[in-house]
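Numbering-wise, this note's numbering puts 155 at position 134 of the sequence shown, and it's gapless, one number per residue.
Don't be surprised by glycine CBs; every beta carbon is placed ideally from N, CA and C.
Take a look at the structure below.
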Amino acid sequence: MKKQFLWLSLMIHIILGVMPLWAQNQARCPILFAVYDVADLNALKIVADTPEMREKKVCFFALGQANIQLKDDPRVVFHDVGAGGADAWPRDKLLSQDTLKRLQGTLHPKIIVTGMASAAQNQILALASDNAFAFYDNFDPIKEKEYVQAFLSQSQRSGVKPGAYWVASEKTAQSFYDDTRTCDVPIDIVGQPVLEEWATLFKGTDRAALRQTLGIEKDRSVILFAGGYDDSYEAHFRLFLETVVPLIEALKLEVLITYHPKPKGVLEKKLVGALHNPHVRVIDAPPIGIATNKLATLANIFMCHKSSLGPQAVSQGLPMVYVADPVTYKNFVIEEKLAYISNDKNMLSRLIKKLLHQHNDVSLKPLGMPEEPSSRIMTQKIMSAFTS
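Spelled out as structure tokens, the structure:
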């Protein structure tokens, strides 16, 4: 009998030794974060990395672009389900009942926090009943955001709703109260953890060293453009280049461009490469390059098409310009006159000249942001539910 026990123990150790790390990690998972986009991933990853959460076993179930971003993270469970990213897993694609049963039976989550970027994230909520929370990572009203519609539509069909919606500000919460799909669920104001990450970078980055790393001359002002990928993006990115390139020598500009991870910078590198201008560069993301929020510490002006990074740049006092159609595109920083928007070349040129040496002393507090750090608020809510 003793020999049989020793043999069984040996076999278990051998199996675990050759089993992939992600497979070992999905034995049990008391706290599960379900993510889809880079935006909800970035916010919830900050929460998962707090000291309190590190002491617990936090796992990620990742679909879409988040699956690609977390491909080497040992906290990811069932990585194979979402393999292939957003192309293989559209926002409205549902998990099979077999997959849901496997998740429930294997992970036994007590607490679930999801983003709101896909229908499958709504399905995940059902695995933890009342101890499930849905986090909206944007500040804009939910009716105006296309990416949350698959989640909300699935909620209507299934009747599955979180124990509470977590939103960034009181102004954001109003759109949840006004929407029949969300008005019957408690709303908690938790802030946006990513803003705290930006604040930390702006306080702690050695700007002189970063400029030296990038080879930016001391007398050059920096314009940072964050890329996008929707159907109207290419035309507006071309407009940006047509506007800024003629200004480079007269205004002594250095133009840095980052790209959205989904299209991988193919368009940006093609168009910028054709310019053959050493003062217009596409900067890769980590691990081989530098993150947009760190580059922003050097920026005199932050520009984009419709990037969600816009409000984050505004929160640090950067002059912000959207290169987009002002008739069809609106968001809260534009409506609150905290940012500019134009799709006219002459107007964009005038804005660049006007804003180049202007720092905005702005605050998002009028929107109803909490005073306490949002990562702490969210962690406390998770811990409270965990011990209840």
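Per DSSP, the beta bridge partners of S363 are V344. With fewer than 16 neighbouring CB atoms inside 10 Å of its own CB, H297 falls in the exposed class. Shortest Cα-Cα distance from G248 to any of G286, E275, K224 and D227 involves G286. CA-to-CA, the gap between L388 and E218 works out to about 19 angstroms. As the crow flies, the alpha-carbon of L245 is around 15 angstroms from that of H380. By the Cβ rule, the segment 155–166 counts as touching the segment 186–205, because three or more pairs are nearer than 8 angstroms. In this structure, L222 lies near N314, with their beta-carbon atoms less than 7 angstroms apart.
Between L124 and L148 the beta-carbon gap is near 6 angstroms, inside 8 angstroms, which marks them as a contact. Excluding residues up to 5 positions away in sequence, S196 and D200 lie with their Cβ nearer than 7 angstroms to the Cβ of K164 in the same chain. DSSP places Y168 in the helix class (H, G or I) of the three-state scheme.
Within the same chain, and ignoring the five residues on either side of E263 in sequence, the residues whose Cβ sits closer than 8 angstroms to its Cβ are K366. Taking 7 angstroms as the cut-off, the beta carbon of V169 is found no closer than this to the beta carbon of S396. In this structure F154 touches V134 by the C-beta definition: roughly 5 angstroms separates them, less than 8 angstroms.
Taken through DSSP and simplified to helix, strand or coil, F82 comes out as strand. By the criterion of at least three beta-carbon pairs nearer than 8 angstroms, the segment 320–327 is in contact with the segment 342–349. A direct Cα-Cα distance of roughly 19 angstroms separates G106 from P308.
Per DSSP, reduced to three states, the secondary structure at M137 is coil, with no helix or strand assignment. The alpha carbon of V97 has as its nearest neighbour, out of R49, V265 and L377, the alpha carbon of R49. With contacts defined by Cβ atoms closer than 7 angstroms, I278 and V303 form a contacting pair.
As a beta-bridge residue in DSSP terms, E275 pairs with V243. In this structure, the straight-line span from the alpha carbon of R178 to that of P111 is close to 18 angstroms. Shown here for E73: same chain residues with a beta carbon closer than 7 angstroms to its own, the five before and five after excluded, namely T400 and M404 in chain order. I52 and G103 have their C-alpha atoms spaced approximately 19 angstroms apart. DSSP lists F154 as the beta-bridge partner residues of A185. In the three-state scheme derived from DSSP, where H, G and I count as helix and E and B as strand, F99 is classed as coil.
Bounds of the beta strand (DSSP E) holding F323 are I322 to C325.
Within the DSSP bridge table, the entry for L53 names C80 and I133 as partners. At the C-beta level, A140 and D119 stay beyond 7 angstroms of one another.
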